[in-house]
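Under UniProt numbering, think of the first position of the sequence shown as 1, with each following residue one higher.
Report on one structure; see the data block that follows.
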Amino acid sequence: MSQPVIIYSTANCSDCNQVKQLMKEQDIPFEVRDVMTSTVYQEEVEKLGFMGVPVTVAGAHVVKGFNLPELKELIAATK
Numbered sequence: 001m002s003q004p005v006i007i008y009s010t011a012n013c014s015d016c017n018q019v020k021q022l023m024k025e026q027d028i029p030f031e032v033r034d035v036m037t038s039t040v041y042q043e044e045v046e047k048l049g050f051m052g053v054p055v056t057v058a059g060a061h062v063v064k065g066f067n068l069p070e071l072k073e074l075i076a077a078t079k
């Protein structure tokens, strides 16, 4: 069974949009959590050890930014 993908994002974040576009291109369903609209989501990002977005999470895989090699590993782990 595939692992759910969560993308912590903000509305005007170009790297966030690149991550979302990559997931769409790979037919990977994902949930967007906008850290600007929820302090809970912001706290979740901080608990992961990050202050900025995007942060992409699938199970134990966590990727900060638009890091294509790491995102490809995360995608492979979700299939």
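Every residue gets a Cβ at the ideal spot worked out from N, C-alpha and C, and that includes glycine.
Note that the structure is a prediction, hence the values are computed from the model and not measured.
Check	Outcome
DSSP three-state assignment for A76, whether helix, strand or coil	helix
Among A77, T37 and E25, nearest to H61 - alpha-carbon criterion	A77
Those residues which DSSP pairs with V32 across a bridge	I7
Beta-carbon contacts of V63 that lie in its chain and below 6 Å, excluding the five residues immediately before and after	T56, E70, L71 and L74
Near the ligand FMN: L71 beta-carbon under 7 Å from a heavy atom	Judged by which ligands are present, the structure shown has none, so any question about the ligand FMN falls away.
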